[in-house]
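Quick notes on the structure that follows.
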Amino acid sequence: MTGYNHTLAGVALATLLPPPLALPAAFVSHFVMDALPHFGRDPMFAPWTRGFKNLLAADGLICLTIIAWAILQGWQPVWFLAAAAAMATLPDFLWLSKGRFSPLDGFLSFHGRIQSGERPDGWIFEFTFSMAVILYLAGLQ
2 MTGYNHTLAG VALATLLPPP LALPAAFVSH FVMDALPHFG RDPMFAPWTR GFKNLLAADG
62 LICLTIIAWA ILQGWQPVWF LAAAAAMATL PDFLWLSKGR FSPLDGFLSF HGRIQSGERP
122 DGWIFEFTFS MAVILYLAGL Q
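In structure tokens, the structure reads:
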């Protein structure tokens, strides 16, 4: 899944669950979502190509916008919304340690194996998922 969908899931879980449950649930949600069909394996966005870097930058800006929007809604304390979003996206940031920090090798191997649902047309599922979560969040207002 793209980062913005993980961020949306983290924010949604922060509105549904109390802090002791929401943060680990946000972390686990990452793997559940990555096991579903989602965007990926498109040659135009192969890792570290120009397309990938542009997509990563846009995704990051969207993530920050989602967090800012959620904070402005006042649903939860700032720290809690930011922490839930961070926990939901953390596994993807851990990819940066691949080959550099051996204690995470098993974890990264697991994370890689569950990505079997990546496909170029996975954006359709991602769009549908994001619209469903946005509609839920909009209903909180």
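Taking my numbering, the leading residue of the sequence shown gets 2, the next gets one more, and so forth.
All residues carry an ideal CB built from backbone N, CA and C; glycine is no exception.
In its own chain, which residues sit with a C-beta less than 7 Å from the C-beta of residue i, not counting the 5 before and 5 after it?
i: ARG43; result: Residue 43 is actually Asp in this sequence, not Arg. Cβ within range, chain order: PRO121.
i: GLY4; result: ASP60, GLY61, CYS64, THR90 and ASP93
i: TRP124; result: PHE40
i: ILE115; result: PHE32, ASP35 and ALA36
i: LEU57; result: none
i: LYS99; result: LEU109
For residue i, collect the residues of the same chain with a Cβ closer than 8 Å to its Cβ; drop the 5 residues on either side in sequence, then sort them by chain order.
i: SER131; result: TYR5, ASN6 and LEU9
i: PHE28; result: MET88, ALA89, LEU91 and PRO92
i: ILE67; result: TYR5, THR8, LEU9, VAL12 and ALA86
i: LEU95; result: LEU105, PHE108, LEU109 and HIS112
Tell me residue i's beta-bridge partners as DSSP assigns them.
i: ARG120; result: PHE40
Give the DSSP-derived three-state secondary structure of residue i in the structure shown.
i: MET88; result: helix
i: MET132; result: helix
i: THR66; result: helix
i: PHE102; result: coil
i: THR3; result: coil
i: ALA47; result: coil
i: GLN142; result: coil
i: GLY75; result: coil
i: PRO21; result: helix
Does residue i pass the burial test, meaning 16 or more other C-beta atoms within 10 Å, or should it be called exposed?
i: MET45; result: exposed
i: GLY11; result: buried
i: PHE81; result: buried
i: ALA69; result: exposed
i: ALA47; result: exposed
To the nearest angstrom, how far is it from the Cα of residue i to the Cα of residue j?
i: ALA13; j: SER110; result: 28 Å
i: ALA139; j: ALA133; result: 10 Å
i: PRO25; j: THR50; result: 33 Å
i: GLY75; j: GLN142; result: 10 Å
i: LEU18; j: GLN77; result: 11 Å
i: ILE72; j: SER30; result: 21 Å
i: LEU22; j: ALA84; result: 12 Å
i: GLU127; j: MET2; result: 7 Å
i: TYR137; j: ALA15; result: 13 Å
i: GLY118; j: PHE53; result: 18 Å
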